[in-house]
Structure formats: C-alpha cells, structure tokens
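All letters in the sequence shown, in the order written, are residues 1 to 311 by the UniProt record's numbering.
No residue lacks a Cβ here, since even glycine has one placed at the ideal position from N, Cα and C.
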Amino acid sequence: MWIDDSPKSSVMFIFCWCFAALRGQNYHPTVNTQYGKLRGVRVPLPSEILGPVDQYLGVPYAASPVGEKRFMPPEPPSSWSGIKNATHFAPVCPQNIHNAVPEIMMPIWFTFNLDIVTTYIQDQHEDCLYLNIYVPTEDGTHAKKQGEDLSDNDGDEDEDIRDTGAKPVMVYIHGGSYMEGTGNMIDGSVLASYGNVIVITLNYRVGVLGFLSTGDQAAKGNYGLLDQIQALRWISENIGFFGGDSNRITVFGSGIGASCVSLLTLSHHSEAIPTNRFPRTPSSSTPRPTALRRSPGPSTTPRTSCTCTSA
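Below, the structure written as structure tokens:
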C-alpha cells in the first residue's frame, strides 16, 4: 500500500475533513408548521453507529404568559411570517436553585452538578413556553442495517426499528420539585438517533408562576400542568410535519416530571386531546402530598414574608 505523506497531501486531507464536518454542521433543514416555517440545524454525533440529528430548539408552543396572561391558562402561539430560526434554546422559567430550594428536594445528580446545571438556567424570562425537537435523519456508518441481528448474541433476527414510515414520538417532562428545572438540560439527540424516534423536551412554568393557588378565581393554580397539556396539543397537531406519528406518542418524565405524567392522565383538561394519540403514558410512584394540596397559600405566605389582606 502506498501512502503519500507529503505536506500538500496532508493539507488537502485536513481541508476535506474540515469541509465535510462543516457541511454537516451548516445544513439547516426547514419545516412548515401550522403556525409558520422553522429553520433548524443538523448536528452530527460523535459516534460511528449514530447518524446526525435535526434539532429544532426554542419552538413556541404557547403564547407568552406575561402581563394579563400571567396566572392564566396558556393560549396557542401566534403565527409568524417568514422563517423563524430554531437553532438556539429559549429562556427558562424564572427560578433560583441556590437559595430557594432545599437540597433535600433535589435529585442527587442535580445537587452534585449544580455548576453545570446553572449554565442552563442563566437566561430566564417569563416568556418561557418553548419546546425542543430532536429528529433522527439517517443511520451511522456502522449502524445495524435492516435484516441484520441487532444483538449479535443469539443469531436470531431482532425487531427492525429502522422503518421508513412516520416515527414514534417521545415527550420528556423534566422534574425539579415543581420549583426549578428545564427541558433544555436534556439533549435528546442520542436517544433520537439510536432509537429512531423523535424526542421532544419542553419548558413549563414552575414555582409561583406555575403552581401557586390562592384558592379562588384570582389564581387557580396548576398552570405548569396546563402548559404541559398545551405542549401535547401542539405536538399532536404539528409533529406530522417533522415526520412523526401523532398516533404513537409516549409521555415520560423523571422525578416530579414522572408525577406530572400521572397527574395528566387524571386531569379532565387532558380530555381535549384525543386519547388514541397517547397510548403509552407510563405511570409513576405516588406524588408527594404537597402536590395535591388544595390551598398551599396559608403555608406559603409566612415563608415568603408576605402579608395577608382580604380582597
């Protein structure tokens, strides 16, 4: 075998390698939704068995919950003209994990990595109702192909998940004691590419903005759960534009996110979404008692140094 190790050959190889890498990173797919066009970004993964993933980040699934819409159920987003860039994460709901939340209420992986976690919550704003979509595009160069045994340990043919039709959808709801967290921290690229599924993470209102209830019409509470329902409604109506199957949507979560999944199955507000579109909704352990408290206001007021006045 002859190898050309001349400087000219080396420079040409490096140029071709860089060009191929940049070409993969600079490709911006465009999708047309019911509300307007979105421009995403194709991201290659550092693995020979994982193909690139199209990412659509910071996609609005509801109107901005500010001003008169604060402490109100979410509304559908407004349509836009032109092409909206969906290449960067949107702001997260206002939160303070260092001082407001006792460490005992956080998962261990959360408290052990606070420095990393805080990098995802630096950009905070009440306008936070956005989701992130990760769409697989193709197999990696060394990925198992159709007809090959995926396990290589029994010689039998495993179920082929590399179908060419509409892809299943997995919607992840983040945890965080109802007081902190963001879907931006969870990169769904690997799961999307390896499982050949569309992965979606989302932000919803947390803390006072998401779950405070005054016990009357002023603030009924559970706006964070209503945000999740609105996100599922948006997904069921638009995921087909991304190549997803609206009849195969799985909702799952971790920590409080898993409890939210259980609460969503019990909420009558979820009836607005066709039940056949969510056949896989895993249940979780029993939610903590505070999640089902009818009037948390009296116990919350002294801790926030607020004074109570009659309306």
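Excluding five sequence positions before and after L191, the CB atoms of its chain that fall closer than 8 Å to its own CB belong to Y134, M170, V197, V199, given in chain order.
Going by DSSP, Y194 is part of the alpha helix (DSSP H) stretching over 189–195. Counting other Cβ atoms within 10 Å of its Cβ, N26 stays below 16 and is therefore classed as exposed. G58 carries a strand assignment under DSSP once its states are collapsed to helix, strand and coil. Rounded to whole angstroms, the separation of the alpha carbons of G51 and W80 is 31 Å.
By the beta-carbon neighbour count (other beta carbons within 10 angstroms, threshold 16), S236 is buried. If you draw a straight line from the Cα of N238 to the Cα of S259, it is about 26 Å long. Take the alpha-carbon of Y204 and the one of D139: they are about 32 Å apart.
Annotated three-state conformation of T137 is coil, per DSSP.
Listed in chain order, the non-local C-beta contacts of N85 below 6 Å within the same chain comprise R39, local neighbours out to five positions each way being set aside. DSSP places V41 within a strand segment (E or B) once states are collapsed to three. Taking Y194 as the centre and dropping the five residues before and after it, the same chain places the C-beta of L50 closer than 7 Å to its C-beta, in chain order. With respect to the 9 Å criterion, S189 and I256 are not classified as neighbours on the basis of their beta carbons. Between C128 and P77, the C-beta gap is not smaller than 9 Å, which leaves the two residues out of contact. For Y172, the uninterrupted beta strand (DSSP E) run begins and ends at 167–173, by DSSP.
Residue burial is scored here from C-beta neighbours: T119 has fewer than 16 other C-beta atoms within 10 angstroms and is therefore classed as exposed. Counting the other CB atoms within 10 Å of its CB gives Q34 a total below 16, which places it among the exposed residues. Contact between Q124 and P168 is ruled out by a C-beta separation of about 33 Å, above the 8 Å threshold. Contact check for P74 against D227 passes: the beta carbons are separated by less than 9 Å. With a threshold of 16 other beta carbon atoms within 10 Å, H88 falls short and is exposed.
In the DSSP assignment, N32 falls within the unbroken beta strand (DSSP E) covering 30–32. Per DSSP, V206 lies in no beta strand (DSSP E) segment and is marked neither H nor E.
Our two residues, D216 and N96, have alpha carbons roughly 27 Å apart in a direct line. A direct Cα-to-Cα measurement between H174 and G244 gives close to 21 Å. Looking at the backbone, the Cα of N132 and that of T214 are separated by about 32 Å. F252 carries a strand assignment under DSSP once its states are collapsed to helix, strand and coil. Partner residues in the beta bridge of V92, as assigned by DSSP, are Q124. For I229, no beta strand (DSSP E) run applies; the uninterrupted alpha helix (DSSP H) run containing it begins and ends at 223–238, by DSSP. In summary, E48 is exposed, with fewer than 16 beta-carbon neighbours lying within 10 Å of its beta-carbon over all protein chains present. The Cβ atoms of Y130 and Y172 lie no closer than 9 Å to each other. About 6 Å separates the Cβ atoms of G221 and L212, confirming a contact at the 8 Å cut-off. Contact between V31 and F241 holds, with the beta-carbon distance rounding to 5 Å and staying under 8 Å. In the assembly as shown, L57 is a buried residue. Its beta-carbon has 16 or more other beta-carbons within 10 Å.
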